[in-house]
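Plus 905 on top of the position in the sequence shown (first one is 1) and you've got the numbering used here.
We treat Cβ as the ideally placed atom computed from N, Cα and C, and that holds for glycine.
None of the values given here were measured: they were computed from a predicted structure.
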Amino acid sequence: MKTSLDCIPCFVRQTLDAARQLSADMAFHERILRDVLRWTSAMDLNQSPPVLAQRIHRHLRELTGNDDPYRQAKEDQNRMALALLPKLEAMVASAADPLETAIRLAMAGNVIDLGAHRTVTASHVRRSVQHALSEPFAGETNALRQAVSTAQNILYIADNAGEIVFDRLLIAQLPPAGVTLAVRGAPVINDATMADARATGFDTLVAVIDNGSDAPGTPLDDCSEAFLQCYHRADLIIAKGQGNFETLSDAPGNIFFLFQAKCPVIAAHVGQPVGTHIMIRSNGRPGHSGEIRHAGGGPTEYP
């Protein structure tokens, strides 16, 4: 997916948010912002938004010597999500359709995104859970159900710290022997890395690899050979979040993208309103039929 002109203000906001994570010095904020504004005037809009964001965040890390500005935020998000996990697991266990409920909750977790939001609190997450369980989403559960039933090698590409706790619910509905979880190769924004996978217990549940890239997405030309072998071996790929959609929407593979449409650019691209929870297959159309479906897989109130 190419970068839209409307992505540029988002890059500027992300830059300021990251600079403020690193320092309270307003002169530093101004310096970083001016650097990025100069650079954005010459950026190649044929590249995907996560590739351009990757360069911004590399520049920030180089200037400050801080290789993980969002470390504390990620640790807090992991703890917050783990505290919610028992109730979420109970919802899935009691649901009439556990797979659909797990899909909805996995999409609810995609709200934990500091690339799209300045802050994410437990209150935001609870509202996202309520919305995911009670509102329509774009996609057809049975398309993924059928794909899971025949898949031998499933690659689950995670998005953010905290959010990956919600991914445990969906991964628990998959055949564990055939699942590999992929995380980012190095810190960028609050995207999940190997440290987050370990902190949330994934290393004891399924095989975990990193993709070798420090982009907030999965640009295949920047990923490691080990990841690419796993990617091309997979007969089913589940990719979470907008960044993975932006980098893999034109890539080969039997891919199901699960995310919240958090910005007008993505919403327009997939033909759904901002805020919609979306499951899109790699052909670029929502789910199997593209219809908007109503909740029915679990309770409609978050306890």
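Measuring C-alpha to C-alpha distances from Gln-977 to each of Asn-1116, Val-1093, Tyr-1136 and Ile-1142 identifies Val-1093 as the nearest. For Gln-952, there is no enclosing beta strand (DSSP E), as DSSP gives it neither H nor E. If only complete runs of 4 or more residues are kept, the region 1001-1060 shows the alpha helix (DSSP H) at 1003-1013, 1027-1039 and 1046-1055, in order along the chain. Under the Cβ criterion (8 Å, minimum of three pairs), the region 960-975 does not count as touching the region 1045-1053. Ranked by Cα distance from Trp-944, the first of Met-931, Pro-955 and Phe-916 is Phe-916. Straight-line measurement puts the Cα of Ser-1154 at about 10 Å from the Cα of Phe-1161. Look at Ile-1094 here: in three-state DSSP terms it is coil, with no helix or strand label. Leaving aside the five residues that flank Ser-928 on each side, the residues in its chain whose CB is nearer than 8 Å to its CB run, in chain order, His-934 and Thr-969. DSSP, read as helix, strand or coil, puts Asp-1115 in strand. Judged by DSSP secondary structure, Ala-932 falls within the alpha helix (DSSP H) whose first and last residues are 931-945.
In this structure, Gln-959 is the residue among Asp-1126, Met-931, Gln-959 and Leu-950 with its C-alpha nearest to the C-alpha of Asp-1096. Around the beta carbon of Lys-992, a 10 Å sphere encloses fewer than 16 other beta carbons of the protein chains shown; the residue is thus reported as exposed. Straight-line measurement puts the Cα of Thr-1006 at about 8 Å from the Cα of Met-996.
The beta carbon of Arg-939 lies closer than 6 Å to none in the same chain, with the five residues before and after it left out. When DSSP states are grouped into helix, strand and coil, Met-985 belongs to the helix group.
Within the same chain, and ignoring the five residues on either side of Gln-1177 in sequence, the residues whose Cβ sits closer than 8 Å to its Cβ are Ala-1043, Ala-1166, Ile-1183 and Pro-1191. Put simply, the backbone Cα of Phe-1107 is about 7 Å away from that of Val-1113. Per the coordinates, the alpha-carbon of Pro-1003 lies some 8 Å from the alpha-carbon of Gln-1078. Distance check between Gly-1180 and each of Gly-1146, Pro-1157 and Ala-1156 places Gly-1146 closest, using alpha-carbon atoms only.
Comparing alpha carbon positions, the residue from Val-1070, Leu-1010, Val-1170 and Leu-1060 closest to Ala-1139 is Leu-1060. Within the same chain, Cβ atoms closer than 8 Å to the Cβ of Pro-1080 are found at Val-1053, Ala-1056 and Ile-1059, the five residues on either side in sequence being excluded. According to the DSSP assignment, Phe-1162 belongs to no alpha helix (DSSP H) but to the beta strand (DSSP E) extending over 1160-1165.
The secondary-structure analysis by DSSP pairs Lys-979 with nothing; it has no beta-bridge partner. DSSP places Val-1070 in the helix class (H, G or I) of the three-state scheme.
Arg-1186 has Phe-1161 as its beta-bridge partners, per DSSP. For the options Pro-1169, Thr-1123, Ala-1011 and Ile-1142, the alpha carbon positioned closest to that of Gly-1148 is the one of Thr-1123.
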